[in-house]
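Chemist:
Protein chains: 2
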Amino acid sequence: MGDQGRSKYYILMDALKTDIIEGRILPGDKILSENMLSEKYGVSRQTVRRAISILVNEGYLVSEHGRGTYCAERKQKQSGSKNIAVISTYISDYIFPEVIQGIDKVLTGRGYSIILKNTENSQQNEAACMADVMTKNIDGMIIEPSKSEIFCGNLSQYQALDRMNVPYIFIEGIYHSLKDRPSVLMDDEEGGYMVTNYLLENGHRNLLGIFKMDDYQGRQRHNGFVRALRKFGLYYNPDRVVWYHTEDRKIKPAAMLEAIMKSPMEVDGIVCYSDQIALDIIRTLERLGKRVPEDISVTGYDNSFIAVNGPVKLTTIDHPKSLMGEMAACLLLEKMDGIPDENSKVRRVIEPRLIIRDSCRRRSPE
Amino acid sequence: MGDQGRSKYYILMDALKTDIIEGRILPGDKILSENMLSEKYGVSRQTVRRAISILVNEGYLVSEHGRGTYCAERKQKQSGSKNIAVISTYISDYIFPEVIQGIDKVLTGRGYSIILKNTENSQQNEAACMADVMTKNIDGMIIEPSKSEIFCGNLSQYQALDRMNVPYIFIEGIYHSLKDRPSVLMDDEEGGYMVTNYLLENGHRNLLGIFKMDDYQGRQRHNGFVRALRKFGLYYNPDRVVWYHTEDRKIKPAAMLEAIMKSPMEVDGIVCYSDQIALDIIRTLERLGKRVPEDISVTGYDNSFIAVNGPVKLTTIDHPKSLMGEMAACLLLEKMDGIPDENSKVRRVIEPRLIIRDSCRRRSPE
DNA sequence: CCGTATTTGTTCGTATGTATT
DNA sequence: CAATACATACGAACAAATACG
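Chains Z and D are the protein sequences, given in the same order. So the first sequence is numbered by this note's numbering: it starts at 88 and just counts up by one. So the second sequence is numbered by this note's numbering: it starts at 88 and just counts up by one.
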């Protein structure tokens, strides 16, 4: 066992490993090409390849076809379990299954398996999921944060992942305190702007906005809403914005809307946080004797099945759900390969796209 | 990227791995020598060595200098990984997310994690999923069979699970050749009977049935359709049944329906395999100038979101999706606890329930 | 114990393919 | 397009460990 220092490949392997450990070869450095090593050490290229292949297996080196062989950014945590944790808020929520499908498509192709967890949008559950996942061997994680707009209570767990060099990617949203971490997000500010702008361009002047308070997306869409109002020189009236939380989704927006509709406040268009809310709002309006879009225009967000199959086909913002999953998976693969941000080739922002259907109608401004 | 199955060493490596996983090579067995493998597979000895070296690295094989190469003894079959594999056909299909949620609810409560796989309803992918999952440490498996009505091509893999004492539960369907294995199924025969019976009781006499050919559910629902016809003393006309496969779902039912509607055959009611098909059918009928339910009644199956949110609210059979997941998870827990069938307390059959909505109308029989 | 065949381990040379720059 | 670098494959030779008559 111990007496194999004799073989050439072993000597070369050991020399390279020592160079890395003792810092003569630094993370990210390109090492000599196979031919050059072969010449320098007086061995055949096959022997060089053998030495290198061991170090690649052990995670010291990374070979890139056509480019060269590089010292790994971080020493990979052994052979690789080929498990990826995917933590979402709701498994069966109306977009996540497709996001998972996108993730799966990319990762399965690369031999990874998905360990699925869901938090029901509670940070406490998120903590439990992460603790559980860290007892397994995972190579990486894709996570949709729970209540991303609230202070992140699980900071220490994310830092533990950093320490263990387990890469993770945020999708859909991101915590303020972890803003520098890699993520795949929609440009929700722009999306909020686009729907609002569409209504304003079509003559609406009495808009209502309904947004979710406790996540990143809600804040961003709201910001876009405000920007569009400003562009049209309209005064921003906080009373014309309804904020709700995850927990009161089913009650608050409808109740607030009813109160507003019974007040003297005029409303000709409603910008909704999501298609789901838009559907609730349309039902409430119908109950109050208002027709959509004849009396009031309503916009959704996400282009879910509700947008196509509901009582009114919704004008909404497209959410390329599967694509988002694929992008997140590709970004994670990059991270797991130790490719630094500056060499990244994966796009991280999804540009929103307005889809015009039947839930809005042109108004003539007074 | 994903097209590396082509290289010779990879093919050989995969073949050996499969032999091990499927039990053709047993722990402790000596495998063929390098020279013999080289001859048998028509590749060079170097290539054989490369394939073997990967499997040695992964722990499947052990090479002994001068003696030979052997299949590794069970490294740690040891239960207690707290991982459960869940293999479904489509992750984002219209009922499975909720089934997974039900599974997750029960298993997370007991400290298990779910490894998610999907087959896209291909037995080939099913084989790959199972092979992959067996390289992990799993305590059990819940699987929705792919094309369950077709001959099960992966029998040996299921037998490998039996040998390794890894319990597994079938849901939604079951292969003929594995009929004795534990499963959680709907009584689809009864469900097919109930919708058909409902139409017949409401005066319909010219029914059409549209069923899926390649899965268990399709056959069962069809059988119920036939039983109801018989009860009413009606002649079973095979021309009044449209069979389709997974692959031609989007074309065949609509095309066949169009042909039938343009023929002299009378149709006053259509029993559909699923809500999804019912929606396609309703759209086709609308295109042909027929109204549902005024001109023709249509029934769905599964009580999915389509049934509530589509253009016509569907009369359908309830599918308690989350409950099915919970039942399967409970049954799996029983199996993992080693509780024999005769002491089982988990129900394994879901009784169908008819949900009456707006897609059918009473006819007066002539 | 010896000798030989078998089997894995190491090394080199060569050729061709493919991705990147 | 050409040069560079890694990837795959084959053939050959010899070394070292083991099995067996």
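All residues carry an ideal CB built from backbone N, CA and C; glycine is no exception. Computed from a predicted structure; not experimentally measured.
Quick one: what's got a C-beta closer than 8 Å to Z/ILE261's C-beta in the same chain, skipping five residues either side?
Modeler: Locating residue 261 of chain Z in the first sequence gives position 174, where the first residue counts as 1. Contacts found: PRO232, SER235, ARG268, SER270, LEU272, TYR303.
Chemist: Could you tell me whether the Cβ of Z/ASP463 comes closer than 9 Å to any Cβ of chain D?
Modeler: Any answer about residue 463 of chain Z is impossible in this case: the structure gives chain Z only from 88 up to 453.
Chemist: Which bits of chain Z does D/LEU203 rub up against, with CB to CB less than 9 Å?
Modeler: Position 116 of the second sequence, counted from the first residue, corresponds to residue 203 of chain D. Neighbours of D/LEU203 on chain Z, chain order: VAL173, ILE187, ASP191, SER200, ILE201, ILE202, LEU203.
Chemist: Below 8 Å CB to CB, which residues in the same chain sit around Z/ILE383 once its five sequence neighbours on both sides are set aside?
Modeler: Taking the first residue of the first sequence as position 1, residue 383 of chain Z is located at position 296. Counting only Cβ-Cβ distances below 8 Å, and skipping sequence neighbours, we find VAL354, ASP355, GLY356, ILE357, LEU372, LYS377.
Chemist: Listed from N- to C-terminal order along the chain, which residues in the segment 376–403 of chain Z have their beta-carbon within a distance smaller than 7 Å of any beta-carbon of chain D?
Modeler: Listed in sequence order: PHE392, ILE393, ASN396, GLY397.
Chemist: Quick check: the Cα distance between Z/GLN307 and Z/LYS318, rounded to an integer number of angstroms?
Modeler: For the purposes of this step, residue 307 of chain Z is taken as the residue at position 220 of the first sequence. For the purposes of this step, residue 318 of chain Z is taken as the residue at position 231 of the first sequence. If you take the alpha carbons of Z/GLN307 and Z/LYS318, they lie about 17 Å apart.
Chemist: Once DSSP output is grouped into helix, strand and coil, what is the label at Z/ASN170?
Modeler: As a working mapping, residue 170 of chain Z is identified with position 83 in the first sequence. DSSP places Z/ASN170 in strand when its eight states are reduced to three.
Chemist: Write down every uninterrupted run of the beta strand (DSSP E) in the segment 320–370 of chain D whose length is 3 residues or greater and which is fully enclosed by it, in chain order.
Modeler: Correct list: 328–331, 356–359.
Chemist: So, is the C-beta of D/ILE230 closer than 9 Å to a C-beta in chain Z?
Modeler: In the second sequence, residue 230 of chain D corresponds to position 143, counting from 1. Not one chain Z Cβ lies under 9 Å of D/ILE230.
Chemist: Does the ligand NAD have a heavy atom nearer than 8 Å to the CB of Z/ILE230?
Modeler: The model depicted lacks the ligand NAD and carries no ligand whatsoever.
Chemist: Using 10 angstroms around the beta-carbon of D/GLY227, count the other beta-carbons present and answer buried if the total reaches 16, otherwise exposed.
Modeler: Locating residue 227 of chain D in the second sequence gives position 140, where the first residue counts as 1. Buried, by the Cβ-count rule.
Chemist: Are the C-beta atoms of D/GLN165 and some chain Z residue less than 9 Å apart?
Modeler: Stepping through the second sequence from its first residue, residue 165 of chain D is reached at position 78. The pLDDT assigned to D/GLN165 is 49, lower than 50, so where the model puts this residue is not dependable; a value taken from the coordinates is nonetheless given after this. No, D/GLN165 lies away from the interface with chain Z (no Cβ there is under 9 Å from its Cβ).
Chemist: I think D/THR134 touches D/ILE174, with their Cβ atoms under 8 Å apart; what is that distance to the nearest whole Å?
Modeler: As a working note, residue 134 of chain D is residue 47 in the second sequence. As a working note, residue 174 of chain D is residue 87 in the second sequence. Going by Cβ atoms, the distance from D/THR134 to D/ILE174 rounds to 33 Å, so no, they are not a contact pair.
Chemist: From what residue to what residue does the beta strand (DSSP E) around D/GLY196 run?
Modeler: In the second sequence, residue 196 of chain D corresponds to position 109, counting from 1. Looking at the DSSP string, D/GLY196 is not in any beta strand (DSSP E); the run it does join, the alpha helix (DSSP H), is 183–196.
Chemist: What residue does the beta strand (DSSP E) around Z/LEU295 start on, and which one ends it?
Modeler: Translated into positions along the first sequence, residue 295 of chain Z becomes position 208. Segment 294–299, the beta strand (DSSP E) holding Z/LEU295.
Chemist: Please state whether DSSP places Z/GLY240 in a helix, a strand or coil.
Modeler: By one-based count along the first sequence, residue 240 of chain Z stands at place 153. Coil at Z/GLY240, not helix or strand.
Chemist: Counting beta carbon pairs with one atom in the segment 140–155 of chain Z and one in the segment 94–109 of chain Z, are three or more of them shorter than 8 Å?
Modeler: Enough Cβ pairs lie closer than 8 Å, so yes.
Chemist: Taking only the alpha-carbon atoms, compute the straight-line gap between Z/GLY196 and D/LEU418 and give it to the nearest angstrom.
Modeler: Residue mapping note: residue 196 of chain Z aligns to position 109 of the first sequence, counting from 1. Residue mapping note: residue 418 of chain D aligns to position 331 of the second sequence, counting from 1. So the alpha carbons of these two residues sit roughly 31 Å apart.
Chemist: Are the CB atoms of Z/VAL395 and Z/SER446 nearer to each other than 9 Å?
Modeler: Taking the first residue of the first sequence as 1, we reach residue 395 of chain Z at position 308. Taking the first residue of the first sequence as 1, we reach residue 446 of chain Z at position 359. Taking 9 Å as the Cβ cut-off, Z/VAL395 and Z/SER446 do not qualify as a contacting pair.
Chemist: Between Z/TYR147 and chain D, is there a C-beta pair that is closer than 9 Å?
Modeler: Numbered from 1 along the first sequence, position 60 holds the residue referred to as residue 147 of chain Z. Output row for Z/TYR147: interface = no.
Chemist: Please say whether D/ILE404 and D/ASP389 have beta carbons closer to each other than 9 Å?
Modeler: On the second sequence, position 302 is the one that residue 389 of chain D refers to. On the second sequence, position 317 is the one that residue 404 of chain D refers to. Cβ atoms of D/ASP389 and D/ILE404: closer than 9 Å.
Chemist: If you check the beta carbons only, do Z/ALA346 and Z/ARG370 fall under 9 Å apart?
Modeler: In the first sequence, residue 346 of chain Z corresponds to position 259, counting from 1. In the first sequence, residue 370 of chain Z corresponds to position 283, counting from 1. The answer is no: Cβ separation not under 9 Å.
Chemist: Please identify the residue among D/PHE257, D/ASN252, D/TYR181 whose C-alpha is closest to the C-alpha of D/ALA415.
Modeler: Stepping through the second sequence from its first residue, residue 415 of chain D is reached at position 328. Checking every option, the nearest Cα to that of D/ALA415 belongs to D/PHE257.
Chemist: By DSSP's criteria, Z/LEU203 is part of a beta bridge. Which residues make up the other side?
Modeler: Position 116 of the first sequence, counting from 1, holds the residue named residue 203 of chain Z. Per DSSP, Z/VAL173, D/ILE201.
Chemist: Please list the terminal residues of the continuous alpha helix (DSSP H) segment that includes D/CYS36.
Modeler: The displayed coordinates of chain D run from 88 to 453. Any statement about residue 36 of chain D would go beyond what the structure contains.
Chemist: I'd like to know if D/ILE454 contacts chain Z, where contact means its C-beta is closer than 9 Å to some C-beta of that chain.
Modeler: Look at the range of chain D in this structure, 88 to 453, and you will see that residue 454 of chain D is not part of it.
Chemist: Using the beta-carbon of each residue, which ones in chain D are nearer than 9 Å to Z/LYS223?
Modeler: For the purposes of this step, residue 223 of chain Z is identified with residue 136 of the first sequence, where counting begins at 1. Those are SER168, LYS169, ASN170, SER200, listed as they occur along chain D.
Chemist: For D/LYS212, I'd like the list of residues in its chain whose CB is within less than 6 Å of its CB, leaving aside the five on either flank, ordered along the chain.
Modeler: Taking the first residue of the second sequence as 1, we reach residue 212 of chain D at position 125. Before going on, a small fix: residue 212 of chain D reads as Asn here, not Lys. The residues are THR206.
Chemist: Checking 9 Å against the spacing of the C-beta atoms, do D/ALA218 and D/LYS104 come in under that value?
Modeler: Position 131 of the second sequence, counted from the first residue, corresponds to residue 218 of chain D. Position 17 of the second sequence, counted from the first residue, corresponds to residue 104 of chain D. For D/ALA218 and D/LYS104, yes; Cβs fall inside 9 Å.
Chemist: Cutting at 7 Å between CB atoms, please list the residues of its own chain near D/LYS127, excluding the five before and the five after it.
Modeler: By one-based count along the second sequence, residue 127 of chain D stands at place 40. LEU119.
Chemist: Give, in chain order, every residue of the segment 237–256 of chain D whose Cβ lies closer than 8 Å to some Cβ of chain Z.
Modeler: Taking 8 Å as the Cβ-Cβ cut-off against chain Z, none of the residues of the segment 237–256 of chain D qualify.
Chemist: Taking just the CA atoms, how far does D/GLY296 sit from D/GLU121?
Modeler: To locate residue 121 of chain D, count along the second sequence from 1; it is residue 34. To locate residue 296 of chain D, count along the second sequence from 1; it is residue 209. C-alpha separation (whole angstroms): 58 Å.
Chemist: Restricting to Cα atoms, I'd like to know which of Z/ASN310, Z/GLU276, Z/LEU420 is closest to Z/GLU438.
Modeler: As a position in the first sequence, residue 438 of chain Z is number 351, starting the count at 1. Per the Cα distances, Z/GLU276.
Chemist: Below 9 Å between beta carbons: does that hold for Z/GLY146 and Z/SER409?
Modeler: Counted from its first residue, the first sequence places residue 146 of chain Z at position 59. Counted from its first residue, the first sequence places residue 409 of chain Z at position 322. No; because the gap between Cβ atoms is not below 9 Å, this pair is not in contact.
Chemist: Comparing the C-beta of Z/TYR177 with each C-beta of chain D, is any distance below 9 Å?
Modeler: Here the question's residue 177 of chain Z lines up with position 90 in the first sequence. Closer than 9 Å to some Cβ of chain D, the Cβ of Z/TYR177 qualifies, so yes.
Chemist: For D/ALA365, count neighbouring Cβ atoms within 10 angstroms of its own Cβ and tell me buried if that reaches 16, exposed if not.
Modeler: Sequence index remark: in the second sequence, residue 365 of chain D carries index 278 (1-based). By the 10 Å Cβ count, D/ALA365 comes out buried.
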